[in-house]
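Residue numbers (my numbering): 26 to 152.
For each residue, glycine too, the CB sits at the ideal point set by N, CA and C.
Have a look at the structure below before the remarks.
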């Protein structure tokens, strides 16, 4: 991916949210990415899933989250972009990404143990 140029891409076709237990301090955004394949490797004695047929770039910072995914299948390349301003402060060191077959989970660690349920429309909207 070219540095300095903002990534382009389509909004993921499906976005699901997990904030079932606000007291646990985490908010999970599940993005469906068709044709995403996964390979498992070991890093620091821990199993980690990585994208087998593409690449990703993630920026989780105070105030925003940006995920760019590029998938290559046969002769077709698909690019996806998910970018949102965050409504509340997060702990960037405890926030993470998990990759599964046809799915990417953004796990945001909230600084306050309050529900983000009222922000559901914001995280699911295409704008």
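query                                                                                                                                                 : result
What does a CB cutoff of less than 8 Å around residue 28 pick up in its chain, not counting 5 residues either side in sequence?                       : Confidence in residue 28 is poor, its pLDDT being 49 and thus under 50, which makes the residue's placement unreliable; the coordinate value appears in the next sentence. The answer is none, since no qualifying residue turns up.
Should residue 84 go down as buried or exposed, given a rule of 16 or more other Cβ atoms within 10 Å for buried?                                     : exposed
Would you identify the three-state DSSP class for residue 26, choosing helix, strand or coil?                                                         : Residue placement at residue 26 cannot be trusted, given a pLDDT of 45 that sits under 50; what the coordinates show is reported in the next sentence. Note: residue 26 maps to coil in three-state DSSP.
In angstroms, rounded to a whole number, what distance separates the CA positions of residue 89 and residue 111?                                      : 5 Å
Can you tell me whether residue 142 is buried or exposed? The criterion is at least 16 other CB atoms within 10 Å of its CB, across all chains shown. : exposed
Which residues mark the beginning and the end of the beta strand (DSSP E) in which residue 121 is found?                                              : 115-125
Assign residue 26 to one of two classes, buried (16 or more other C-beta atoms within 10 Å of its C-beta) or exposed (fewer than that).               : Per-residue confidence for residue 26 stands at a pLDDT of 45, beneath the threshold of 50, marking its modelled position as unreliable; the derived number appears in the next sentence. With fewer than 16 other Cβ atoms within 10 Å, it is exposed.
So the candidates are 40, 52, 43, 42; which of them puts its Cα closest to the Cα of residue 138?                                                     : 52
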